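Counted the way this note's numbering counts, the sequence shown spans residues 9 to 238.
Just so it is clear, CB atoms sit at the ideal spot from N, CA and C, and this is done for glycine as well.
As the structure is a prediction and not an experimental result, all values here were calculated from the model.
Please read the structure below before turning to the comments.
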Amino acid sequence: MSQKHGNIFSLWFGSRLVIVISSLPAFQECFTKNNVVLANRPRSLAGKSLFYDYTTVGSCSYGEHWRNLCRIISIDVLSNQRILSFSGIRRDETNRLIWTLAKYASFDDDFAQEQCSKKEREDSMIDHLLSLQELSQPRYYTDEIIKGLILAMLFARTDSSSSTLEWALCNLLNHPEILKKTRDELDTHIGQDQLLNEFDLSKLPYLKNIILETLRLYPPAPLLIPHVFR
C-alpha cells in the first residue's frame, strides 16, 4: 500500500481514523524524537475485556503503571540471568515436543485427545512471578498484572514464533537447494547426535539469515501496536 499511497497514509478502521507510517525517517521522527507524545494506546470495549482493563504492557498508556511493567519485564522476566536460568526448561520442553510429535506423527485423533501432564513443574515463569507477589511489592504483582504479562508473552512469543516457523519451513520445502545448504551447515557445526539450542546460533550464519529474511518477508503482524497522540 505504501508503494501506491506513499510512506504516510490514512485508513479507516471502522469508525477510527488511523495514520500508517512506513518509512524509517518518519518512524524515527514519531517514535524517537517525539516518542512521549505518541506513547499512549487506543482504548476500546474489546481491549478492556481482552487485556485485563488495560493492564498489559502492550495496551496500557505511558505512565507509572507502564514504567512498572517495563521494570518487571526487564528485571524479573526477560533479564539475561532469568533467561539463562530457564535454558534447562527450554531444552526439556524441546525434547518433550520432539518425542511427542514423533510418537503421534500418524495419529492425529490420539494427539488431539492427549491430556496435559499433571506433574508439577517447579521454577516456571508463573511460579517466579507468584513468589514475587508474596515477597516483593504486592501492588505491582497483582493477579491481573501477572495474567496480563503471561498473555503478552503468549501473543508476542508463541504466536509470532509459530507463524515465523511455518513460513520458514514452507519456503525451505519450496527451495530444496536452500534446504540442503541449511542441513549441511547444521550437520557440519552441530551434528546429527545432538539438538540445536540458542547458544549454537552464532555458529550458524546461514540459518540465522534465513530467519531474518523470513521475518522481513513475512512479519508476524502487518502493523505494530497502535499509538495515540496525547
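Worksheet item: Nearest to isoleucine 106 by CA position, among Ser67, Pro234, Glu221 and Gln202, is which residue?
Response: Gln202
Discussion item. Quick check: the Cα distance between leucine 181 and glycine 66, rounded to an integer number of angstroms?
Written reply: 35 Å
Worksheet item: Quick one: Cα of tryptophan 175 to Cα of proline 230, how far?
Response: The straight-line gap from Cα to Cα measures roughly 14 Å.
Worksheet item: Going by the beta-carbon positions, is the gap between threonine 190 and isoleucine 218 smaller than 8 Å?
Response: yes
Worksheet item: Which residues share a DSSP beta bridge with isoleucine 27?
Response: Ser18
Worksheet item: Measuring CB to CB, does arginine 49 end up less than 8 Å from histidine 235?
Response: yes
Worksheet item: Is the Cβ-Cβ distance between asparagine 42 and isoleucine 29 less than 8 Å?
Response: no
Worksheet entry | Distance between leucine 138 and aspartate 151 (C-alpha atoms, nearest Å) | 8 Å
Fill in: Under the three-state DSSP convention, the category valine 85 falls into
helix
Item to complete: List the DSSP bridge partners of glutamate 236.
Response: The amino acid occupying residue 236 in the given sequence is valine; glutamate does not appear at that position. The partner list for valine 236 (beta bridge, DSSP) reads Asn48.
Item to complete: Pull up the distance between the alpha-carbon of arginine 147 and that of leucine 58, whole angstroms please.
Response: 21 Å
Discussion item. According to DSSP, is isoleucine 219 part of a helix, a strand, or is it coil?
Written reply: Of the three classes helix, strand and coil, the one that applies to isoleucine 219 here is helix, per DSSP.
Discussion item. Given a cut-off of 8 Å on the beta-carbon distance, is the pair glycine 71 and tyrosine 62 in contact?
Written reply: no
Discussion item. For proline 184, report the span of its alpha helix (DSSP H) as first-last.
Written reply: 184-197
Worksheet entry | Status (buried if at least 16 other CB within 10 Å, exposed otherwise) for cysteine 68 | buried
Worksheet entry | isoleucine 134 versus serine 168: straight-line alpha-carbon distance, rounded | 21 Å
Practice prompt. State the Cα-Cα distance for the pair leucine 215 and isoleucine 91, rounded to the nearest angstrom.
Written response: 22 Å
Fill in: Endpoints, alpha helix (DSSP H) assigned at lysine 56
53-58
Fill in: Rounded straight-line distance, which links the Cα of arginine 104 to that of phenylalanine 35
42 Å
Practice prompt. Buried or exposed for isoleucine 233, please, with buried defined as at least 16 other CB atoms from any protein chain shown within 10 angstroms of its CB.
Written response: Exposure of isoleucine 233 is indicated by the presence of fewer than 16 other C-beta atoms within 10 angstroms of its C-beta.
Worksheet entry | Integer Cβ distance of alanine 160 from threonine 64, believed to fall under 8 Å | 5 Å
Worksheet item: Are there 16 or more other CB atoms within 10 angstroms of the CB of isoleucine 153, so buried, or fewer, so exposed?
Response: buried
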